[in-house]
Structure formats: C-alpha cells, structure tokens
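Just remember that our numbering sits 35 ahead of the position in the sequence shown, which is counted from 1.
Below is one structure; the comments refer to it alone.
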Amino acid sequence: MTQALPEWTAGLWPAPMDTLPVPLEADARGIAFMPMTEADLDAVHAVEASAYAHPWTRRHFLDSLQAGYPAVLLVGEALPHETPRPTRPDGRWPMGYLVAMPGVDEVHLLNITVNPPHQRQGWARFMLDALALWSRGQGAHTLWLEVRQSNAPARRLYERHGFREVGVRRGYYPLSTLQREDAIVMQLGLDEPEPTP
Numbered sequence: 036m037t038q039a040l041p042e043w044t045a046g047l048w049p050a051p052m053d054t055l056p057v058p059l060e061a062d063a064r065g066i067a068f069m070p071m072t073e074a075d076l077d078a079v080h081a082v083e084a085s086a087y088a089h090p091w092t093r094r095h096f097l098d099s100l101q102a103g104y105p106a107v108l109l110v111g112e113a114l115p116h117e118t119p120r121p122t123r124p125d126g127r128w129p130m131g132y133l134v135a136m137p138g139v140d141e142v143h144l145l146n147i148t149v150n151p152p153h154q155r156q157g158w159a160r161f162m163l164d165a166l167a168l169w170s171r172g173q174g175a176h177t178l179w180l181e182v183r184q185s186n187a188p189a190r191r192l193y194e195r196h197g198f199r200e201v202g203v204r205r206g207y208y209p210l211s212t213l214q215r216e217d218a219i220v221m222q223l224g225l226d227e228p229e230p231t232p
C-alpha cells in the first residue's frame, strides 16, 4: 500500500510529493506530519523519556528548534481500543518524531523515535523513507546518523534501509555516571538506488 506523503509545512517538504509505503493501519489513523513546535515539547519529551534509558532533554529539542533544524512529528488518531499518551490538544497523539540537521550536500539525522506503543509496526521505516525523500529534495547526497553500538534492532533497521557502517565514535553516548558507549556512524548514499523492502 502506498499513500501520498502529507506535506511538511513551513516549506520543509518539496512538491510534488512521491508516494511511500506506509504501515497498514495508516488510513485508519489519519496520519500526518507536522512541524514540531515549542508547544509540543512536553509531549515529545514524555515520549522520549518512555523510549530511552538516556533520553534527550527538553533542552536538546528546544535548542534544535531554535537552531532552525527540521523537527517533525508524526501524529495519528487513536484507534477505538487505545488511550493516547501523551495527548495533544487536537486529539491526536505523537506516534513518532525526528530531528535532522542539514549541511552542505548532506543531512545528519540527530534523533528518530517511535512512541513505544507504536514500535515494531513500520513507523520508523516510514519516517526514514520520508526523511530520505525530503533530503533528496534538498539536494543532499548523503544521510548520516549515529547509533549506540549495543542497539542491535536499530542497527538492523538502518542496514535494511541501506545504511552502511563507516566508522565509530568512541565514548559518544552516556552509559552510566562513569561509563560511555561507542556510537556506530552510518551513512546512506542518497544518489544510490533505494533498497527494496
């Protein structure tokens, strides 16, 4: 199933839109991409804190917004059997979000998170597809990210999406008050053919 990707407002998404494969329940949920704003940060930080042992702080998100980085929410309507947490004033809930940093001919993915009740349903892949499409539209040739060395599920997701490991950042992530964890640096060539799912 494919669906036309909703436009990222504020000129963040180029037109015309291509179609992307979306998870099966997308139509029922009425999904949409929306620019993240300061009004969203309490809900975003609540999702972040529920998803990670070492989450970004609210300040990380605020700094990204103030720097003008593309920060986007994937929102959807709750299904009848669900109780959205956290909720938004419009009744939809944040299913996920991403924050990226554009550079010269490249984009660096800083944060991509799926709200835990929606994990393993294809939303991370959907957001990666959307980011790759947007990045190509901006003229980027490369998409970069870091991932914890211990995060095998995320590494597999990125590899299936076409990313390849190109380096290591020693002690990049906090692990405990005294320990740090290495980050695997991964790269996706945006000029290369897209991988098949």
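For glycine and all other residues, C-beta sits at the position ideal for the given N, C-alpha and C.
All values reported here derive from a predicted model rather than from experimental measurement.
Q154: which of F68, V134, S211 and P188 sits nearest, CA to CA?
As a first step, residue 154 is located in the sequence shown; it is residue number 119 there, counting from the start. Measuring from the Cα of Q154, the nearest candidate turns out to be P188.
Assign A135 to one of two classes, buried (16 or more other C-beta atoms within 10 Å of its C-beta) or exposed (fewer than that).
Locating residue 135 in the sequence shown gives position 100, counting from the first residue. Counting Cβ neighbours within 10 Å, A135 comes out buried, since at least 16 surround it.
4 or more residues per run - each alpha helix (DSSP H) lying fully within the stretch 145-193
158-172
Does DSSP classify H116 as helix, strand or coil?
Within the sequence shown, the letter at position 81 stands for residue 116. The answer is coil: DSSP assigns H116 none of H, G, I, E or B.
Of the residues Y132, H89, A102 and P90, the one placed nearest D75, counting alpha carbons only
Working through the sequence shown from its first residue, we reach residue 75 at position 40. With distances taken between Cα atoms, D75 lies closest to Y132.
Quick one: what's V134 bridged to in DSSP?
Translated into the one-based positions of the sequence shown, residue 134 becomes position 99. Paired residue(s): A106 and N146.
Does DSSP classify R215 as helix, strand or coil?
Here residue 215 is taken as the residue at index 180 of the sequence shown, counted from 1. Correct three-state label for R215: strand.
Taking Cβ to Cβ, would you say R190 is nearer than 8 Å to I147?
In the sequence shown, residue 190 corresponds to position 155, counting from 1. In the sequence shown, residue 147 corresponds to position 112, counting from 1. Going by C-beta atoms, R190 is not nearer than 8 Å to I147.
Mind checking whether S170 and L213 have CB atoms under 8 Å apart?
Counted from its first residue, the sequence shown places residue 170 at position 135. Counted from its first residue, the sequence shown places residue 213 at position 178. Not in contact: S170 and L213 (Cβ atoms no closer than 8 Å).
Buried versus exposed, by CB contacts within 10 Å (16 or more), E83
Taking the first residue of the sequence shown as 1, we reach residue 83 at position 48. E83 should be labelled buried.
Under 8 Å, do L97 and A106 count as touching if we go by C-beta distance?
Walking along the sequence shown from the start, residue 97 turns up at place 62. Walking along the sequence shown from the start, residue 106 turns up at place 71. It is not a contact, given that the beta carbons lie outside the stated cut-off.
Let's test the definition: count the other Cβ atoms within 10 Å of the Cβ of L114 and tell me whether it reaches 16, buried, or not, exposed.
Position 79 of the sequence shown, counted from the first residue, corresponds to residue 114. The residue is exposed, with fewer than 16 neighbouring Cβ atoms inside 10 Å.
Quick check on the burial criterion: 16 or more other C-beta atoms within 10 angstroms. Buried or exposed for G197?
Within the sequence shown, the letter at position 162 stands for residue 197. Answer is buried; the Cβ neighbour count reaches 16.
By a C-beta neighbour count over all protein chains shown, 10 Å radius and 16 as the cutoff for buried, is V110 buried or exposed?
Working through the sequence shown from its first residue, we reach residue 110 at position 75. So V110 counts as buried.
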